[in-house]
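This report refers to the structure that appears directly beneath it.
Residue numbers (the working numbering): 40 to 282.
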């Protein structure tokens, strides 16, 4: 029996319809396998405070996929997800848009083990899970300016996130930060940092999922020139002393 028969998928399907995303039966099964691995591993390590199926669908899966409102996901792209945690938004994006080449970066090795288990169980290719800090992997001999798109749902102010994320983006690429609140003051404060790092604010895409009243603000920053070599500063500084 297909696992999808065990779950009420109406919320998932209506959310996908709202985002104009069409998934195959196989992709829906992959999302369910991901959910089951998430709750299984969550029983012995802290991956998410949200474990109810409908809540994971809304607040993790559909929320991750809402990127489609700010970026054309139909084209091929190299994507890096900084501070991915339990794999959000990187894994939902990879399941729904398998042509994307995705790198997941997280500083906690236990999470990387979980992400590799998801990759193996779901038989996902072109997905790398890396253990380390964003400040360390942004060096020229590593992953600096290798990506078309950097995404992050990590909780940090926009100046700090820009310093951690923009060095990974090629000129012409984008960094998109997922925010769950209106961030007018934060975005004004971050403008200077974004400019120093070679970016410019392109747009903010604000919307609310109709059924839930779940507000989301996708903050889109375009990379217009290379990031100066001295950024990001050494581990810890972007958070302690935002530019």
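Note that beta-carbon positions come from the ideal geometry of N, C-alpha and C, so glycine has one too.
Exercise. Going by other Cβ atoms of all chains shown within 10 Å of its Cβ, with 16 needed for buried, is residue 191 buried or exposed?
Worked result: What you label residue 191 is simply residue 152 of the chain shown in a count that begins at 1. So residue 191 ends up on the buried side.
Exercise. Using 8 Å as the threshold, is the stretch 106 to 119 in touch with the stretch 80 to 89, meaning 3 or more CB pairs across them?
Worked result: no
Exercise. Quick one, which of 53, 42, 188 has its alpha-carbon nearest residue 114's?
Worked result: For the purposes of this step, residue 114 is identified with residue 75 of the chain shown, where counting begins at 1. Per the Cα distances, 188.
Exercise. Thinking just about the alpha-carbon of each residue, which of 177, 274, 49, 153 is nearest to the one in residue 81?
Worked result: Residue mapping note: residue 81 aligns to position 42 of the chain shown, counting from 1. Among 177, 274, 49, 153, the Cα nearest to that of residue 81 belongs to 153.
Problem set entry | For residue 92, three-class secondary structure by DSSP | Within the chain shown, the letter at position 53 stands for residue 92. Helix, per DSSP.
For this session: Rank 48, 61, 160, 281 by C-alpha distance to the C-alpha of residue 231 and give the top, closest one.
Result: As a working mapping, residue 231 is identified with position 192 in the chain shown. Out of 48, 61, 160, 281, 281 has the C-alpha closest to the C-alpha of residue 231.
Problem set entry | Residue interval of the beta strand (DSSP E) (run including residue 181) | On the chain shown, residue 181 is found 142 positions in, with the first residue counted as 1. Unbroken run through residue 181: none, as it is neither H nor E.
Exercise. For residue 45, which of 223, 71, 59, 58 has the nearest alpha-carbon?
Worked result: Counting from 1 along the chain shown, the entry for residue 45 is found at position 6. Nearest of 223, 71, 59, 58 to residue 45, Cα basis: 71.
Problem set entry | Counted within 10 angstroms of its Cβ, other Cβ atoms place residue 267 as buried (16 or more) or exposed | Translated into the one-based positions of the chain shown, residue 267 becomes position 228. By the neighbour-count rule (16 or more Cβ atoms within 10 Å), residue 267 is not buried but exposed.
Problem set entry | Three-state class that DSSP yields for residue 99 in the structure shown | One-based indexing of the chain shown puts residue 99 at position 60. Reduced to three states, the DSSP call for residue 99 is helix.
Exercise. Smallest Cα separation from residue 54: which of 171, 77, 99, 258?
Worked result: Counting from one through the chain shown, the residue named residue 54 turns up at place 15. The shortest Cα separation from residue 54 among 171, 77, 99, 258 belongs to 99.
Exercise. How long is the line joining the alpha carbons of residue 225 and residue 107, rounded to whole angstroms?
Worked result: Residue 225 sits at position 186 when you count from the first residue of the chain shown. Residue 107 sits at position 68 when you count from the first residue of the chain shown. Each residue's Cα considered, the two are about 24 Å apart.
Problem set entry | Inter-residue Cα distance where the pair is residue 235 and residue 241 | Your numbering for residue 235 matches position 196 in the chain shown. Your numbering for residue 241 matches position 202 in the chain shown. Residue 235 and residue 241: Cα-Cα distance of roughly 15 Å.
Problem set entry | Assumed close pair residue 157, residue 73 - CB separation to whole angstroms, cut-off 8 Å | What you label residue 157 is simply residue 118 of the chain shown in a count that begins at 1. What you label residue 73 is simply residue 34 of the chain shown in a count that begins at 1. The Cβ separation is near 6 Å, so the contact holds.
For this session: Mind reading off the beta-carbon distance from residue 238 to residue 263? Whole number of angstroms is fine, and I expect it under 8 Å.
Result: Counted from its first residue, the chain shown places residue 238 at position 199. Counted from its first residue, the chain shown places residue 263 at position 224. Right, their Cβ atoms sit about 7 Å apart.
For this session: Could you name the residues of the same chain whose beta carbon sits closer than 6 Å to that of residue 129, not counting the 5 residues immediately before and after it, in chain order?
Result: Sequence index remark: in the chain shown, residue 129 carries index 90 (1-based). Cβ within range, chain order: 120, 123, 141, 143.
For this session: Would you kindly work out how many angstroms separate the C-alpha atoms of residue 172 and residue 272, rounded to a whole number?
Result: Taking the chain shown and counting its residues from 1, the one referred to as residue 172 is at position 133. Taking the chain shown and counting its residues from 1, the one referred to as residue 272 is at position 233. Going by the C-alpha atoms only, they are around 12 Å apart.
Exercise. So which of 205, 166, 96 has the shortest CA-CA distance to residue 176?
Worked result: On the chain shown, position 137 is the one that residue 176 refers to. Per the Cα distances, 205.
Exercise. To which residues of the same chain is residue 126 closer than 7 Å at the C-beta, ignoring the five residues directly before and after it?
Worked result: For this step, residue 126 is matched to residue 87 along the chain shown. Answer for residue 126: 143, 154, 157, listed in chain order.
Exercise. Of the residues 197, 161, 193, 51, which one's Cα is nearest the Cα of residue 145?
Worked result: For the purposes of this step, residue 145 is taken as the residue at position 106 of the chain shown. Nearest C-alpha to residue 145: 193.
Exercise. Among the residues of its own chain, which have a CB less than 8 Å from the CB of residue 42, if the five just before and after it don't count?
Worked result: Your numbering for residue 42 matches position 3 in the chain shown. Contacts found: 68, 71, 72, 75.
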